[in-house]
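Novice:
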Amino acid sequence: MSFRYVTAAAFLAVSLAGCNVAGTPLPDPRMSGRDAEFMALAPKAGVSSQYERYLVDYRTNEPVGSIIVDNRSKFLYYVMPGGKAVRYGVATGQDAMAFTGRAYVGGMQEWPRWIPPKDMLQRWPHLQPTADAGGLPGGPDNPLGSRALYLYQNGKDTLYRIHGTNEPDKIGQAVSSGCIRMRDIDAIDLYNRVKVGTKVVVL
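In the numbering used here, the protein residues as written are 93 to 295.
1) Looking only at its own chain, which residues have a Cβ that is under 8 Å from the Cβ of Lys210, when we skip the five neighbours before and after it?
2) Which value, in whole angstroms, describes the spacing of the CA atoms of Arg285 and Asn258?
3) Thinking just about the alpha-carbon of each residue, which of Val171, Glu202 and Glu144 is nearest to the one in Asn153?
4) Over the uninterrupted alpha helix (DSSP H) stretch that includes Arg205, give me the two end residues.
5) So, helix, strand or coil for Gly125, using DSSP?
6) Between which two residues does the alpha helix (DSSP H) containing Pro279 stretch?
7) Rounded to whole angstroms, what's the CA-CA distance from Leu104 to Ser140? Just pull it up for me.
8) Please look up how many angstroms separate the CB atoms of Gly198 and Tyr252, rounded, as I've assumed it's under 8 Å.
9) Kindly indicate which three-state DSSP category Val191 falls into: helix, strand or coil?
10) Just to confirm before moving on: does the CB-CB distance between Leu228 and Leu219 stay below 7 Å?
11) Going by Cα to Cα distance, which pick from Asp276, Arg122 and Ala190 is closest to Arg164?
12) Tell me which residue opens and which closes the beta strand (DSSP E) that Ala223 is part of.
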């Protein structure tokens, strides 16, 4: 076997290994008629296979049913029994605005209305008319996407969310104003698994 052939074969093996994901792909979640209608109109974008939804091995001291977000790796884990977790790819906040710490789900909404918060209006004044109009109704063009989980600490809204997105091409990046974005289909899947009071840990 020639050196050239060996080198090419080794390069191919390394390339293919980089495409492998250690986990079991999961089927799409149950959706309502409105979900199907809005999802058909929502922006489409492929993501790297590593950021798709998988059942993976995952060891943690957090209880089953907890949500753990790893800002560095851009993964969100929903802890399952037996040392497993459902892993989702996410987009996280830019370094200066990323949320870290412990919280819990204090509210849940399907296709939520989006109202630009005050700090965002200070950075982007062009959003003021949207805020003055009472926000943007839920739908495929809404920045919050298909679902929103509202993060609370000590009974108070942190103003941070885990939510869908109308920019699925940004999954795997640090681009948001602090919230944790998911693909709309993944936000629906996670929403179907959690309840108000679910523990959230953001690393």
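Ideal placement from N, C-alpha and C gives every residue a C-beta, glycine not left out.
Treat the numbers as computed from the prediction; the structure is a model and nothing was measured.
Specialist: Judging by the given coordinates:
1) Taking the first residue of the sequence shown as 1, we reach residue 210 at position 118. Beyond the five residues adjoining it in sequence on each side, Lys210 comes within less than 8 Å, by CB distance, of no other residue in the same chain.
2) Locating residue 285 in the sequence shown gives position 193, counting from the first residue. Locating residue 258 in the sequence shown gives position 166, counting from the first residue. If I take the Cα positions, the gap works out to 22 Å.
3) Looking up residue 153 in the sequence shown gives position 61. If we check each option's Cα against that of Asn153, Val171 comes out closest.
4) Indexing the sequence shown from 1 puts residue 205 at position 113. No alpha helix (DSSP H) contains Arg205, which DSSP labels as neither H nor E.
5) The count along the sequence shown starts at 1 and reaches residue 125 at position 33. Three-state result, Gly125: helix.
6) By 1-based counting over the sequence shown, the position of residue 279 is 187. Pro is not the amino acid found at residue 279; the sequence shown has Ala there. First-last of the alpha helix (DSSP H) with Ala279: Asp276 to Arg285.
7) Taking the first residue of the sequence shown as position 1, residue 104 is located at position 12. Taking the first residue of the sequence shown as position 1, residue 140 is located at position 48. At Leu104 the pLDDT is 37, less than 50, meaning the model places this residue with poor confidence and gives no usable figure here.
8) For the purposes of this step, residue 198 is taken as residue 106 along the sequence shown, with counting starting at 1. For the purposes of this step, residue 252 is taken as residue 160 along the sequence shown, with counting starting at 1. That pair is no contact at about 11 Å.
9) Start at 1 with the first residue of the sequence shown, and residue 191 comes out as number 99. Reading off the sequence, residue 191 comes out as Phe, not Val. Three-state DSSP puts Phe191 in coil, outside helix and strand.
10) On the sequence shown, residue 228 is found 136 positions in, with the first residue counted as 1. On the sequence shown, residue 219 is found 127 positions in, with the first residue counted as 1. In terms of Cβ geometry, Leu228 and Leu219 do not form a close pair [threshold 7 Å].
11) By one-based count along the sequence shown, residue 164 stands at place 72. Nearest C-alpha to Arg164 among Asp276, Arg122 and Ala190: Ala190.
12) Position 131 of the sequence shown holds residue 223. Careful: Ala223 lies outside any beta strand (DSSP E), inside the alpha helix (DSSP H) at Gln220 to Asp224.
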